[in-house]
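Novice:
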Amino acid sequence: MLTVLLSIVVSLFPARYRGRLFHASNFDVQRGAMYSSILQLVLPAATLWLRYPGWYADYVRAIVDQVAAKGGTNEAQAAATLGAGTYALFTYLVDPLSLFLGYFMLEGVVRLTAFVANKEVLPSFPLFLLGLGHEALDAYRKERSYGPRIVDLVKPGPSPELIVIESCRPKEWDTLLTISYQDRMYEVESTAENAPPRPYIYRLRLIPQNKLIRGICAYDPVDVLNPGEPDQT
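Here the sequence shown is numbered in this note's numbering, starting from 768 and rising by one per residue.
#1: Assuming contact is defined by CB atoms lying nearer than 9 angstroms, are L920 and E933 in contact in what I supplied?
#2: Rounded to a whole number of angstroms, what is the C-alpha to C-alpha distance between L806 and G875?
#3: Could you give the C-beta distance for R972 and L943, rounded to a whole number, given that I count them as a contact under 8 angstroms?
#4: For the alpha helix (DSSP H) holding A985, just list the boundary residues, first then last.
#5: Mind checking A962: buried by the 16 CB within 10 Å criterion, or exposed?
#6: Answer yes if the segment 870-885 comes into contact with the segment 797-804, meaning at least three C-beta pairs across the two stretches below 8 angstroms, and no otherwise.
#7: Name the one or two DSSP bridge partners that P923 has.
#8: Rounded to the nearest angstrom, what separates D862 and R818 at their Cα positions?
#9: Assuming F871 and P781 make a contact with CB atoms under 8 angstroms, what is their CB distance in whole Å?
#10: DSSP on G965, reduced to helix/strand/coil?
#11: Tell me the DSSP bridge mates of A959?
#12: Let me know the secondary structure DSSP gives S947 once reduced to three states.
#13: From K938 to I974, what does the alpha carbon distance come to, in whole angstroms?
#14: Report yes if the CB atom of C935 is closer than 9 angstroms to the CB atom of R965, and no otherwise.
#15: Taking just the CA atoms, how far does P915 sit from R908?
#16: Pull the bridge partners of E954 from the DSSP assignment, please.
#17: Determine the burial state of S774: buried for a count of at least 16 other Cβ atoms within 10 Å of its Cβ, exposed for fewer.
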């Protein structure tokens, strides 16, 4: 039972937090997502339903008291009681607590639909926003740790078919990628790290003319000044 309850809690968090905050391997996140989304539908709906009679009685009483305070007759108070019912439901639904409960019902519908359709575990939206903020903060700290951005240094290698690129930022290059530079096609031969300000070293070799080319990344030494990814096809 405890595992089921914890699985429900875990399913509400974005994936980045599940491994950090909850280390037990026996959590069933998909099962927790199903249960939590159903609870998000049932509990707010039940609360709205059970809360309405008491809220309605207080709502009508407040209107009648206002009429009485202004010197209204018994007939006027009775008319106010009948008239209150016309707008009571709308007023109840736009009540802050009702809107809060309605939001979680809607979120439950979205999360349950995602689970039924694709077995997808969607976190609760407020926690999702927290995760986005955390990711942005991590990205900012990581960017600051690299130091200022400066243009890459491209140097000739020890042989004519080689060039060496020194960069202030790591590149998402691997041996399967083809790098286009000055109308020539290269592939990564080796990588290394050195001292700042350009600690990331890439040695590229010209690709033989008969070699099959897969993904191509158009490279320019000034690309590093733009935090966006270089063009890759």
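A virtual CB, placed ideally from N, CA and C, is assigned to each residue, including glycine.
Specialist: Taking the coordinates as given:
#1: In this structure, E933 lies closer than 9 angstroms to L920 by Cβ.
#2: Their Cα atoms are separated by approximately 8 angstroms.
#3: About 14 angstroms separates the Cβ atoms of R972 and L943, ruling out a contact at the 8 angstroms cut-off.
#4: Note, A985: premise wrong, no alpha helix (DSSP H); beta strand (DSSP E) at 983-985.
#5: That one is exposed.
#6: The segment 797-804 and the segment 870-885 touch, with no fewer than 3 CB-CB distances between them shorter than 8 angstroms.
#7: DSSP lists I930 as the bridge partner or partners of P923.
#8: Going by the C-alpha atoms only, they are around 12 angstroms apart.
#9: Contact between F871 and P781 does not hold, since the beta-carbon distance rounds to 17 angstroms and is not under 8 angstroms.
#10: Here residue 965 turns out to be Arg, not Gly, going by the sequence shown. DSSP places R965 in coil when its eight states are reduced to three.
#11: The partner list for A959 (beta bridge, DSSP) reads I968.
#12: The answer is strand: DSSP assigns S947 an E or B state.
#13: If I take the Cα positions, the gap works out to 19 angstroms.
#14: Cβ distance < 9 angstroms, so C935 and R965 count as in contact.
#15: It is roughly 13 angstroms from the alpha-carbon of R908 to the alpha-carbon of P915.
#16: Partner(s): T945, R972.
#17: Burial of S774 is indicated by the presence of at least 16 other C-beta atoms within 10 angstroms of its C-beta.
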